[in-house]
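Undergrad: The structure is given below, and queries will be raised subsequently.
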């Protein structure tokens, strides 16, 4: 299909691309200005397009379920740090509700450069298909994809094919899936982009990857028989190439944030050296106990220093080149290095690994009782190569390990295979078996945590003749709404507990409200402050997803000017937020404060909630909860490991002196503290509901939806269901 393209205006291409891979129909559609201005872009626009295409009966693998890719109006503008993000949106085969995942690289920017604010794909192709969007010839084509079921083999095949056609590496960006996405419901999408300056074998240039890992959208892509999506484009040139309303204002804002990043990061988190793996040391602190160890049983470990950011920075990461996942970002946190594989068909091969990020380092490290960074990097590479989410894979593995630890699983249940803490070779074998659906254990694991719990319970009952242990297993099966936890132990952060339970509507992920760090620092002393944070921080974090922006230059680089501001939450880094507001206003021609800019995110937050209700119905609020392990000690020995902290909290909650607490039996104390923490969590969730304008069952009130002008954008089916839910 040939299409026309107009210059970018205020960061928008002002059209979307719709492809039905079953019929071969390809259509460029004008983007309705009313929709554009209301939902902004990125996650918000993607959720609207999803809502427009589905009903309450649509499932993730139905042909009509769209797979949507949406950048945002501020994405792809290198004059400001961190403009690399794009959003993937679809119904999730893992959670059965809308799944959303952000990813970096060049894909979102190039999609916009090629002329589209969003790509919507429906249907199921009859053969393995590669979509090619050519921004040079302004043509979209469907091709038979190269025959490769592993991501890095496919990467080479796609690049070689395009180079043979006379393309240049710098003009190529693409998405892929692999065999693991086909064989699980938590497949990831790899985003490939060319790093022209990374030295390799005496030359320069390397294709690198970022991942849309969460909620299984790679499995949706694989089920649609889409193997790769290619965009060919070039950076716009000339004066004001992105159509800013005030280009000078945009550039000034970018230069100021560049200066903050340059001056602050080397003295603070050193993201340019450690990447996000540097967070391990903070979470491991004795006073925080927030690094998950052995399936979140413990919160710190003396060996954590062996897998911390300093080790990667000094021994494994290759710092040559720029290490930014998009031009213009001087945070340079896209770290990676070389490792020699020890298992699988590529054993003995030296490969480049992009990562690990904190989540992967903690997931395959401390949470599995593994303390070798080379193992973590190998696990990272295999997951990327198979196209499976590292977080979901690692957390399911940790649950299985604990089932072996506690006797819920034995060799008898798993054909002689065991998975135990610290056994690196067994862990790697599990990953290989998972990707190929090789064993009964890994076949069921590929269906997600909820199915694994049920399978283990049945196996245990059949083997022992005892009652079904489902409730016992659910205490340490770390998932909410079917999505396994990202890697934060939340015993000492009530705000993060509520974030996982209720503020993150895709399930237990930190993208919406990553409050654990600032909560540990004492940012939110009251219930009202915590509930307010559960409103404000998702507005900002998900607002960045709408705009096409990376959160790290804001959240991980604290602007010293924020300390000078009064009567505000300094932890939200307001001085940098003002720079983001200048960027936004300079591009879009508005005059909004940063608070008003991000307040618009309430529209898509409520829209996602409405779509969750389409699946969960009256039980929506029941899904706003977390396992006992995320709340506190699930057995007496775990209470005693943090006895001083727990006793002190119990003394306050029961209004008893320390000596009276000391006389209590551990079992009695543990029961009391769990009761207290659950009551606190329920109280906070209820306050959050109230501040959101939702009912006590977590259902948005009709008046709330009308006040934010969302009501008229809902389908008739959704309005009817919400009306019934409101009573």
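Residue numbers (the numbering used here): 3 to 729. Ideal placement from N, C-alpha and C gives every residue a C-beta, glycine not left out.
Note down, one range per segment and in chain order, each alpha helix (DSSP H) of at least 4 residues found wholly within the region 382-436.
TA: Listed in chain order, they are 392-407.
Undergrad: The beta strand (DSSP E) spanning residue 194 covers which residue range?
TA: Unbroken beta strand (DSSP E) run through residue 194: 191-202.
Undergrad: Please state the DSSP three-state secondary structure of residue 31.
TA: DSSP places residue 31 in strand when its eight states are reduced to three.
Undergrad: Enumerated in chain order, which unbroken segments of the alpha helix (DSSP H) with a length of 4 residues or greater are wholly contained in the region 139-195?
TA: The region 139-195 contains these whole alpha helix (DSSP H) runs: 153-166, 181-185.
Undergrad: Skipping 5 residues on each side, what residues in its chain have a beta carbon closer than 6 angstroms to that of residue 21?
TA: Excluding residues within five positions, the ones whose Cβ falls inside 6 angstroms are 28, 123.
Undergrad: Smallest Cα separation from residue 651: which of 354, 496, 410?
TA: Of the candidates 354, 496, 410, the one whose C-alpha sits nearest the C-alpha of residue 651 is 496.
Undergrad: With a threshold of 7 angstroms on Cβ separation, who are the neighbours of residue 669 within its own chain once the five nearest residues in sequence on each side are excluded?
TA: The answer, listed in chain order, is 638.
Undergrad: Decide yes or no for the touch test of the region 200-219 against the region 313-324: beta carbon pairs closer than 8 angstroms, at least 3 of them.
TA: Yes, they touch.
Undergrad: Tell me, which residues are paired with residue 1 by DSSP?
TA: There is no way to answer for residue 1, as the model of the chain reaches only from 3 to 729.
Undergrad: Can you find the residues in the same chain that come closer than 7 angstroms, C-beta to C-beta, to residue 439, ignoring five residues on each side of it along the sequence?
TA: Correct list, in chain order: 185, 445, 448.
Undergrad: Kindly confirm or deny that the region 286-300 and the region 500-513 touch, where touching means at least three C-beta pairs closer than 8 angstroms.
TA: In short, these stretches do not touch, since the Cβ pair count stays below three.
Undergrad: Can you tell me which of 410, 568, 339 puts its alpha carbon nearest to the alpha carbon of residue 379?
TA: Residue 339 is the option with its Cα nearest to residue 379.
Undergrad: When DSSP labels each residue in this structure, what does residue 100 get in the three-state scheme?
TA: Residue 100: strand per DSSP, three-state reduction.
Undergrad: In whole angstroms, give me the CA-to-CA distance for residue 365 and residue 451.
TA: Answer to the nearest angstrom: the Cα atoms are 15 angstroms apart.
Undergrad: Pull up the distance between the alpha-carbon of residue 177 and that of residue 529, whole angstroms please.
TA: In a straight line, the C-alpha of residue 177 is about 43 angstroms away from that of residue 529.
Undergrad: Beta carbon of residue 552, beta carbon of residue 87: below 9 angstroms?
TA: In contact: residue 552 and residue 87 (Cβ atoms closer than 9 angstroms).
Undergrad: My guess is that residue 731 and residue 333 are in contact by the Cβ rule of under 8 angstroms, so how many angstroms apart are they, rounded?
TA: Here the chain comprises residues numbered 3 to 729, so residue 731 is not present and cannot be evaluated.
Undergrad: In chain order, what are the residue ranges of uninterrupted beta strand (DSSP E) at least 3 long that sit wholly in the region 24-84?
TA: Those beta strand (DSSP E) runs which fall completely within the region 24-84 and span 3+ residues are 27-32, 69-72.
Undergrad: For a test of the three-state rule: what should DSSP assign to residue 213, helix, strand or coil?
TA: Note: residue 213 maps to strand in three-state DSSP.
Undergrad: Quick one: what does DSSP say residue 677 is sitting in, helix, strand or coil?
TA: Reduced to three states, the DSSP call for residue 677 is helix.
Undergrad: Quick one: what does DSSP say residue 338 is sitting in, helix, strand or coil?
TA: Here residue 338 sits in strand by DSSP.
Undergrad: Give me the Cα-Cα distance between residue 465 and residue 473, rounded to the nearest whole angstrom.
TA: Each residue's alpha carbon lies about 18 angstroms from the other.
Undergrad: Are there 16 or more other CB atoms within 10 angstroms of the CB of residue 487, so buried, or fewer, so exposed?
TA: Under this definition residue 487 is a buried residue.
Undergrad: Judging by CA-CA distance, which residue of 78, 89, 94 is the nearest neighbour of residue 56?
TA: Residue 94 is the option with its Cα nearest to residue 56.
Undergrad: Does residue 375 come out as helix, strand or coil in the three-state DSSP assignment?
TA: Helix, per DSSP.
Undergrad: Shortest alpha-carbon distance to residue 242 belongs to which of 13, 491, 387?
TA: Looking at the Cα atoms, 13 is the closest of the given residues.
Undergrad: My understanding is that residue 212 touches residue 327, with C-beta atoms under 8 angstroms, so please give their C-beta distance in whole angstroms.
TA: Right, the Cβ-Cβ distance comes to about 6 angstroms (below 8 angstroms), so this counts as a contact.
Undergrad: Cα separation between residue 163 and residue 179?
TA: Using only the alpha carbons, I get a separation of about 17 angstroms.
Undergrad: Residues in its own chain within less than 6 angstroms of residue 699 by CB, not counting five upstream and five downstream?
TA: Cβ within range, chain order: 623.
Undergrad: Pull up the distance between the alpha-carbon of residue 193 and that of residue 677, whole angstroms please.
TA: Straight-line Cα distance between these residues: approximately 45 angstroms.
Undergrad: Just to confirm before moving on: does the CB-CB distance between residue 547 and residue 233 stay below 9 angstroms?
TA: Their beta carbons are not under 9 angstroms apart, which means residue 547 does not touch residue 233 by this criterion.
Undergrad: By DSSP, does residue 119 sit in helix, in strand, or in coil?
TA: The answer is coil: DSSP assigns residue 119 none of H, G, I, E or B.
Undergrad: So, under 8 angstroms CB-CB, residue 492 and residue 518 are touching, yes? Tell me the CB distance rounded to an integer number of Å.
TA: About 7 angstroms separates the two Cβ atoms, so the contact holds.
Undergrad: Below 8 angstroms on the Cβ atoms is my guess for residue 431 versus residue 345; work out the distance and round it to an integer in Å.
TA: Between residue 345 and residue 431 the Cβ distance is about 7 angstroms, and since that is below 8 angstroms, they are a contact.
Undergrad: In this structure, how does DSSP classify residue 540 when only helix, strand and coil are distinguished?
TA: Three-state DSSP puts residue 540 in a helix.
Undergrad: Hey, how far is the Cα of residue 198 from the Cα of residue 3?
TA: Each residue's Cα considered, the two are about 31 angstroms apart.
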